[in-house]
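Peer 1: So for the first sequence, full-length UniProt numbering puts the first residue at 1; every next one is plus one. Glycine included, every Cβ here is placed at the ideal spot set by N, Cα and C. It should be emphasised that the depicted structure is a prediction, and the values quoted were computed from it without experimental measurement.
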Amino acid sequence: MELVEERPYRYRIERRGPMRVPGVVFASRDLLADAEQSLEQVANVATLPGIVGASYAMPDIHWGYGFPIGGVAATDLDDGGVVSPGGVGFDISCGVRLLAADADRRTVEPALPAIMDGLDRSIPRGAGPGGVWRMTGPGQLERILRGGSRYAVDEGYGEQRDLTRCEDGGAVADADVEQVSPRARERGLGQVGSLGSANHFLEVQQVAGVSDERVAAAFGLSVGQVCVMIHCGSRGLGHQICTDHVRAMGDAMSRYGITVPDRQLACTPVDSPQGRDYLGAMAAAANYGRANRQLLSHAARRVFEKAAGVGLSLVYDVSHNLAKIETHTVTGSRRRLCVHRKGATRAFPPGHPDLPEDLREFGQPVLIPGTMGTASYVLAGVPGGDAFFSTCHGAGRVMSRHRAARAVTGRELRARLEADGIAVRPKSWRGLAEEAPEAYKDVSEVVAASEAAGLCRSVARLVPLGVVKG
DNA sequence: ATGTTC
1 MELVEERPYR
11 YRIERRGPMR
21 VPGVVFASRD
31 LLADAEQSLE
41 QVANVATLPG
51 IVGASYAMPD
61 IHWGYGFPIG
71 GVAATDLDDG
81 GVVSPGGVGF
91 DISCGVRLLA
101 ADADRRTVEP
111 ALPAIMDGLD
121 RSIPRGAGPG
131 GVWRMTGPGQ
141 LERILRGGSR
151 YAVDEGYGEQ
161 RDLTRCEDGG
171 AVADADVEQV
181 SPRARERGLG
191 QVGSLGSANH
201 FLEVQQVAGV
211 SDERVAAAFG
221 LSVGQVCVMI
231 HCGSRGLGHQ
241 ICTDHVRAMG
251 DAMSRYGITV
261 PDRQLACTPV
271 DSPQGRDYLG
281 AMAAAANYGR
291 ANRQLLSHAA
301 RRVFEKAAGV
311 GLSLVYDVSH
321 NLAKIETHTV
331 TGSRRRLCVH
341 RKGATRAFPP
351 GHPDLPEDLR
361 EFGQPVLIPG
371 TMGTASYVLA
381 GVPGGDAFFS
391 TCHGAGRVMS
401 RHRAARAVTG
411 RELRARLEAD
421 GIAVRPKSWR
431 GLAEEAPEAY
441 KDVSEVVAAS
451 EAAGLCRSVA
461 RLVPLGVVKG
């Protein structure tokens, strides 16, 4: 795949064959070392009906289902633009939430073992069922699917302020519960308030460094401060919704005269029954994901309160796997677009009307979960942000799960992390080994490339004190 | 990511 360097950290894949737009990849040559297959996916996405601007990829691009992970594609609703479940991925509304403690590391440190043991007991995780919330009636799941974090807060699992600091105020309005199949509901029923497995985690962190004092202060972050980061998604429910709707769209696509170079790019117009059905189901999964993170926050708050008398306030909650209907200026005119972000984080610029009032002048907080045992980052949206105001979402794997598990045992890894002063509470040794830091790219390189490409600005760097994993 | 292959 030939890349034309337009400027440092910005490469173009020229239009050819059925591509409707070029590809644009924000990265360094180093980060693209093994990206051949995923660059092919960037080119494939450029063929989608109604795509505007370019098929974009973030510095943490890697191979995904149909779309690359780290892909951003926007389609024009008024020009036959399509929606594709592959542009969101299986873990619909996977995202990150950051809570800031009203205490610094020195204050919290004596209570840290008790906090970690408390989290170990109260954070459900790993594959399969289990969640902090036991459903009390048949209508409760539907209320979660419609109300997201808002419903969890209304039921007493949080505070009103949590909602103003959550993307979309805690709930997407247009969830269509009817489009969530019985099987998806069944899978989701017993998993509300659970981390899941693989790269999902809950970490106790401390702010190790601040690169923008003014913005960090506005976000409520200062050096030494203790934080809790939660990275999880919509579990089996989102996975089942993706499966169901990829199938439905694959069957219907030919009726709209759409052909795609990869069947995993199944799509139909946003303004079609299948497109509307998917977006309605996807919104329900988005709300499930937010409620999931809200309930885990509540569980973490109880542990911190009991073990250390420390409170946690929400900095922000943002998803990196979602398609959203947004209005953007494209070649001078305002257009309604369906913006797919798959392993890419929305990063609204300072002054954007959808940001919480008290953060508006600083840009949207962007939360980047790092690899276990390494750093995580807080970034902010910048003016003129390319790729429809999007940036990276994390590190990205370089080693298969199998290879990682052969390279190190879970017990060895825990010993190594604990020697570095990081407490580890795994549910499975195998799962821990698969998440070894050496199996991932260096997240700091990804963040540096994103900033250098003009997609965001760096605000703070966080390092783990304790890791809770599936 | 995922009751890790309907």
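1. In chain order, what are the residue ranges of uninterrupted alpha helix (DSSP H) at least 4 long that sit wholly in the region 104 to 187?
2. Can you check the region 382 to 445 for any alpha helix (DSSP H) of at least 4 residues that lies completely inside it and give the ranges in chain order?
3. Go through its chain and collect everything with a Cβ distance to Pro383's Cβ below 7 angstroms, but skip five positions before and after it.
4. Say whether the region 30 to 40 touches the region 356 to 375, bearing in mind that this needs 3 or more beta-carbon pairs closer than 8 angstroms, one atom from each stretch.
5. Using DSSP's beta-bridge definition, name the partner residues of Phe304.
6. From this set, Ser194, Ala33, Val446, Ser55, which residue's C-alpha is nearest Arg20's C-alpha?
7. Thinking Gly148 and Val132 are a contact (beta carbons under 8 angstroms), I'd like their distance in whole angstroms, please.
8. What residue range is occupied by the uninterrupted beta strand (DSSP E) comprising Asp212?
9. Enumerated in chain order, which unbroken segments of the alpha helix (DSSP H) with a length of 4 residues or greater are wholly contained in the region 200 to 274?
10. Which whole-angstrom value is the C-beta distance of Ala291 and Ala152, which I expect to be below 8 angstroms?
11. Is the beta carbon of Cys267 sitting closer than 8 angstroms to the one on Met253?
12. Name the two residues that bound the continuous beta strand (DSSP E) containing Glu6.
13. Just verifying my parser: in three-state terms, what is the DSSP assignment at His352?
14. How would you call Pro18, buried or exposed, if buried means at least 16 neighbouring beta carbons within 10 angstroms?
15. By alpha-carbon positions, which one of Gly86, Asp442, Gly81 ends up nearest to Arg263?
16. Kindly list the residues whose CB is nearer than 8 angstroms to the CB of Gly169, restricted to its own chain and excluding five residues on each side of it in sequence; keep chain order.
17. Could you check if Glu418 is buried or exposed, using at least 16 other CB atoms within 10 Å of its CB as the buried criterion?
18. Using the rule of at least 16 other Cβ atoms within 10 Å of the residue's Cβ for burial, across every protein chain shown, is Gln274 buried or exposed?
19. Quick one: grab the DSSP three-state call for Asp277.
20. On the DSSP letters alone, give me the boundaries of the beta strand (DSSP E) that Ala43 sits inside.
21. Between Tyr278 and Lys306, what straight-line distance do the alpha-carbon atoms span, to the nearest angstrom?
22. Identify which residue in Arg293, Ala460, Gly470 has its Cα closest to the Cα of Val226.
23. Helix, strand or coil for Tyr11 per DSSP?
24. Please return the same chain residues whose Cβ sits closer than 8 angstroms to the Cβ of Leu3, not counting the five positions on each side in sequence.
25. In the DSSP assignment, what residue or residues form a beta bridge with Ser313?
26. Taking a contact to mean a Cβ-Cβ separation below 8 angstroms, would you say Leu145 touches Val177 in this structure?
27. Less than 7 angstroms between the CB of Gly130 and some heavy atom of the ligand GDP, yes or no?
28. Using the Cα positions of Phe201 and Arg397, report the straight-line distance between them to the nearest angstrom.
29. Determine the contact status of Gly188 and Leu141, defining contact as a CB-CB distance below 8 angstroms.
30. Is it the case that the Cβ atoms of Arg97 and Ile230 are separated by a distance below 8 angstroms?
31. With a Cβ-Cβ cutoff of 8 angstroms, do Met58 and Gly70 count as a contact?
32. Closest by CA to Ala198, which one among His352, Ala405, Leu465?
33. Using the Cβ count rule (16 or more neighbours within 10 Å means buried), how would you classify Gln206?
34. Less than 8 angstroms between the CB atoms is what I'm expecting for Leu314 and Ile123, so what's the real figure, rounded?
35. Could you check which residue in Ser194, Glu109, Val447, Lys469 has the C-alpha nearest to that of Leu367?
36. Once DSSP output is grouped into helix, strand and coil, what is the label at Ser376?
Peer 2: The answer reads as follows:
1. Segments of the alpha helix (DSSP H) lying fully in the region 104 to 187: 105 to 108, 112 to 122, 140 to 154, 160 to 164.
2. Entirely contained in the region 382 to 445, the alpha helix (DSSP H) runs reaching 4 residues are, in chain order, 386 to 389, 401 to 407, 410 to 419, 429 to 434.
3. Pro349, Pro350
4. no
5. DSSP lists no partner for Phe304.
6. Ser55
7. Incorrect: roughly 16 angstroms between the Cβ atoms, too far for contact.
8. From DSSP, Asp212 is part of no beta strand (DSSP E); its letter is neither H nor E.
9. DSSP runs (the alpha helix (DSSP H)) wholly in the region 200 to 274: 213 to 219, 235 to 252.
10. The pair is a contact, with the Cβ atoms about 5 angstroms apart (cut-off 8 angstroms).
11. yes
12. Looking at the DSSP string, the run of the beta strand (DSSP E) that includes Glu6 is 4 to 7.
13. coil
14. exposed
15. Gly86
16. Arg150, Leu163
17. exposed
18. buried
19. helix
20. Premise fails: Ala43 lies in the alpha helix (DSSP H), 36 to 45, not in any beta strand (DSSP E).
21. 42 angstroms
22. Ala460
23. strand
24. Tyr11, Arg12, Ile13, Val25, Leu32, Leu39
25. Bridge partners of Ser313: Ala100.
26. yes
27. No copy of the ligand GDP appears in this structure; indeed no ligand is present at all.
28. 16 angstroms
29. yes
30. yes
31. yes
32. For the residues His352, Ala405, Leu465, the minimum Cα distance to Ala198 belongs to Ala405.
33. By the neighbour-count definition (other C-beta atoms within 10 Å, threshold 16), Gln206 is a buried residue.
34. With a Cβ gap of about 17 angstroms, Leu314 and Ile123 do not count as contacting.
35. Val447
36. strand
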